[in-house]
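These protein sequence lines map, in sequence, to chains Y and A. Position one of the first sequence corresponds to residue 677 (the numbering used here), numbered consecutively onward. Position one of the second sequence corresponds to residue 5 (the numbering used here), numbered consecutively onward. In this text, a Cβ means the ideal position worked out from N, Cα and C, and glycines have one as well. These figures come from a predicted structure and were not determined experimentally. What follows is a short report on a single structure.
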Amino acid sequence: MSMALASCLVALVVLATIGAPISLAMIASAVVYLAIKGQDLGLAAEQIIQGLYDSFVLLAIPLFIVAANFMNAGTISDRLTQFCLALVGRMRGGLGHVNVVTSLIFAGMSGSAVADAVGIGKVSIDMMTKGNRYTPGYAAAITAATAVIGPIIPPSIPMVLYALVSDTSIGYLFLGGIVPGLLMTAVMLLLNSYYAHKNNVPLEEPIPLRELPKITFRALPALLMPVILLGGIYGGAVTPTEAAAVAAAYAFIVAAVFYRALSWSSIRTVLHESSRSTASVGLVIGSALIFNYIVASENIPAQVANALKGIEISPLLFLLCLNGLFLILGCLLDASTIILVIIPLFIPTLKALGIDLVHFGVVAVVNCMIGLITPPYGILLFVINATTGIPLRTIIADIWPWVWVLLVALLAMILMPDIVLFVPKMFGYTGK
Amino acid sequence: MTGLLGWLHERARDFASLMMAMMFLAFIIQIVFRYVLSFPLDWTLEACLTLWLWVVFWGSAFLLEDYDHVRFDVLYQTFGERGRRVLAFIYSAALVLAFAASLPATFRYVTFYKIKSSMTLGIRLDLVFSVYLVFAIAVILQYLLRCWRIVTGGPFEAPQFGIAPVTTEYEAPKP
């Protein structure tokens, strides 16, 4: 490691831990790197500008954000909750199941875990804690954990970022997320069921089955969103970025026309919020791209590949080690930084070991999303704490069982690549 | 923030929203022309990329509060008011220093592009990229202001633009 790189990393770690915004800290430490290297300080700006200006795939991100905000602005969360209540509310632990299933459906509309937690999280938590049926900690923990499914089921912002650094197809990554998303849903339903039986949670008043068609019909336009999105991409009709635009347009039409839930002022609020989220996400991506440049110019990925060549490590062991590393980093870093800066370090090694990059991508995204709920630095825990006022300590105390079951699901995906690759192969993915 | 500054900030926010809306519309136009009218346009893609660049840096310059940024403030929050003042001063000064040091070179980089125009819309690239300068200068001013507030004992953690943190819940209009 060169002197310049070492100083740059020290600057970054110090600035970030004393509370500077990570993206600004990254730009500042890139300037430190360039200064010590004696390079033009304008290179930092060049990398960040060109990185954002040249990446067509990144345009999907603001559009997914707009789509999610339109969905949240409408009465869609209420309708979906009603639908899930009618569907799974009658079982023991019904409201917990409702929470899981609503997240699964919502996951098909947004693409960001934070949007999911904010969108439906508060509704679900209020419902669960009413009448002391569930403790606030349990309600918050299950909401945080289920929001993790958001970016696994397409659309997915983290997968767009991974596609950018790894040159894999967004389409196959999206398809690869479907079964893992369902698997994660299944293990969480099991855990909730176990909890409900152990604590003898009282049964809900079941919604009569004859009302199911009506409730389904009311929720139908929202339920169709993932079908339209995936249909557009895999029907070969549109590119993933265009599909994101179609999704946003669809969300707008559903909220405005079908649910009549948009006024001029709420459209303005949606655009305000979307531009703010876009700026914040875009800045993180841009600054991570400078780091990407530094890492590449120091030739680190090749060095990593060379160092590992000597060790004769088996692909499976390497995958396991890498996942262990990401889990540890996930406790400290945010997901986009891991995907944009850390993952590219290992891409050459992954290729050399013959590890499938779509399989790895989905596993890595699942891993990073689990990082969103692992203390001390789990964004979803903070978001739920901020929106509901449930103390962080209470949430953290109840989050561990959820982390464990998700880790079991992750392990299954690592050991059995077909969990990920089964669907992409059905659609003509040939692998490697 | 009141008076002129508050008004300016409102307009900065509206401008960002307007760009967001235009990006969305440009995409829809592109899709309609390409798939419905079978008449692909080439300017829409470039318009979207330009707007995306502008929304990111314009928004980062004028819209983002501390809580909008991805921050690792677990350690920071464990300190008392005095300690946080010291830490905030250190990082604010460091950010000002780094951004100010790279500003001249950044200016040269951006203005160098006055000789080039974009592919289809023919907008001069120095204008397209100039938004980064706006962002860099805004960062310098914001963190200078924070340093000043820390030194003079002012409210250094107060929202800079006065936007409430979580506003993602909307009131649905009455049917």
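Of R944(Y), P1100(Y), V1042(Y), I828(Y), the smallest CA-CA separation from V1084(Y) is found for V1042(Y).
Where F994(Y) is concerned, the enclosing alpha helix (DSSP H) starts and stops at 991-1006. When 7 Å is used as the limit between beta carbons, L947(Y) is near these residues of chain A: S21, M24, A25, in chain order. With contacts defined by Cβ atoms closer than 8 Å, F43(A) and A921(Y) do not form a contacting pair. Contact annotation for L57(A) against chain Y: I725, L728, Y729 [CB-CB distance below 8 Å, chain order].
DSSP places T48(A) in the uninterrupted alpha helix (DSSP H) bounded by 47-66. Only Y1053, A1062, T1063 from the region 1053-1082 of chain Y bring a Cβ to less than 7 Å from some Cβ of chain A. Contiguous alpha helix (DSSP H) elements confined to the region 856-943 of chain Y occur at 888-899, 901-910, 916-929, taking only those with 4 or more residues. Counting only runs that start and end inside the region 815-839 of chain Y, there is no beta strand (DSSP E) element of at least 3 residues. A direct Cα-to-Cα measurement between I144(A) and V1017(Y) gives close to 26 Å. Listed in chain order, the positions of the region 985-1016 of chain Y with a beta carbon within less than 9 Å of a beta carbon of chain A are L1008, L1009, D1010, S1012, T1013. At least one CB of chain A lies nearer than 8 Å to the CB of V960(Y). Under DSSP, P697(Y) takes part in a beta bridge, and its partners are R75(A).
Of all residues in the region 693-708 of chain Y, those with a C-beta nearer than 9 Å to a C-beta of chain A are T693, I694, G695, A696, P697, I698, S699, L700, A701, I703, A704, S705, A706, V707, V708, reading in chain order. Within 9 Å of the CB of L68(A), the CB atoms of chain Y belong to P697, R952, A955, S956, L959, in sequence order along the chain. For S64(A), the chain Y residues whose C-beta falls within less than 7 Å of its own C-beta are A955, L959, listed in chain order. Residue nearest to L859(Y) within the set F1103(Y), G1104(Y), L1087(Y), P1100(Y) is L1087(Y) (criterion: CA-CA distance). Secondary structure at S121(A): strand, using DSSP grouped into helix, strand and coil. Counting every other CB atom within 10 Å of its CB across the protein chains shown gives R112(A) a total below 16, marking it as exposed. Taking CB atoms only, A92(A) has a neighbour in chain Y less than 8 Å away. Membership of L1087(Y) in the alpha helix (DSSP H) is indicated by the continuous run 1068-1091. Listed in chain order, the non-local C-beta contacts of I698(Y) below 6 Å within the same chain comprise A692, local neighbours out to five positions each way being set aside. Contact annotation for D716(Y) against chain A: A109 [CB-CB distance below 7 Å, chain order]. Collapsing the DSSP output to three states places R768(Y) in coil. In this structure, V841(Y) lies away from I1014(Y), with their beta-carbon atoms at least 8 Å apart.
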